[in-house]
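Visitor:
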Amino acid sequence: MRRLADVETSQQGLKSVSGHSRDEEVAIYVRGAEQRRLAAAAIARVSDWEKLPETKKEDALAEAAKSALSAWQMSNLGKS
Numbered sequence: 001m002r003r004l005a006d007v008e009t010s011q012q013g014l015k016s017v018s019g020h021s022r023d024e025e026v027a028i029y030v031r032g033a034e035q036r037r038l039a040a041a042a043i044a045r046v047s048d049w050e051k052l053p054e055t056k057k058e059d060a061l062a063e064a065a066k067s068a069l070s071a072w073q074m075s076n077l078g079k080s
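Terminal number for the sequence shown in the working numbering: 80, no gaps in between.
#1: Quick check on DSSP: helix, strand or coil for leucine 52?
#2: Got a sec? Which residues, its chain only, sit under 8 Å from leucine 83 by beta carbon, not counting five neighbours each side?
#3: Between the C-alpha atoms of leucine 55 and tryptophan 49, what's the straight-line distance to the nearest angstrom?
#4: Along the chain, where does the alpha helix (DSSP H) that runs through glycine 13 open and close?
#5: Starting from arginine 2, trace the alpha helix (DSSP H) in both directions and tell me its first and last residue.
#6: Using the Cβ count rule (16 or more neighbours within 10 Å means buried), how would you classify alanine 40?
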């Protein structure tokens with residue numbers, strides 16, 4: 001089941017193979033697969049980040065800070 005979930009088999013497909021009848025019974029496999037994909041993507045982003053020259057890192061951090069500030073400002077519009 002885990003391998004099927006890892007290759008993004010749908011819950012319906014997992015139920016068909018396993019004989020389960022409820023989504024809740026196969027959801028644990030789907031959640032585990034999603035968690036593994038998210039972890040792999042996060043590790044890849046850090047690896048890519050570490051390969052950047054310092055000037056690119058500084059530029060990326062400045063852009064991220066600008067985006068975060070803008071998002072915060074948008075979320076706080078009209079809360080006064």
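For every residue, glycine included, the Cβ atom is placed at its ideal position computed from N, Cα and C.
Guide: In brief:
#1: To locate residue 52, count along the sequence shown from 1; it is residue 52. Note: leucine 52 maps to coil in three-state DSSP.
#2: Because the chain spans 1 through 80 in this model, residue 83 falls outside it and cannot be assessed.
#3: One-based indexing of the sequence shown puts residue 55 at position 55. One-based indexing of the sequence shown puts residue 49 at position 49. Leucine is not the amino acid found at residue 55; the sequence shown has threonine there. When rounded, the separation of the alpha-carbon atoms in threonine 55 and tryptophan 49 is 12 Å.
#4: Translated into the one-based positions of the sequence shown, residue 13 becomes position 13. Where glycine 13 is concerned, the enclosing alpha helix (DSSP H) stretches over 11–18.
#5: Here residue 2 corresponds to residue number 2 of the sequence shown, with the count starting at 1. That run of the alpha helix (DSSP H) goes 2–6.
#6: Residue mapping note: residue 40 aligns to position 40 of the sequence shown, counting from 1. Its Cβ having fewer than 16 others within 10 Å, alanine 40 is exposed.
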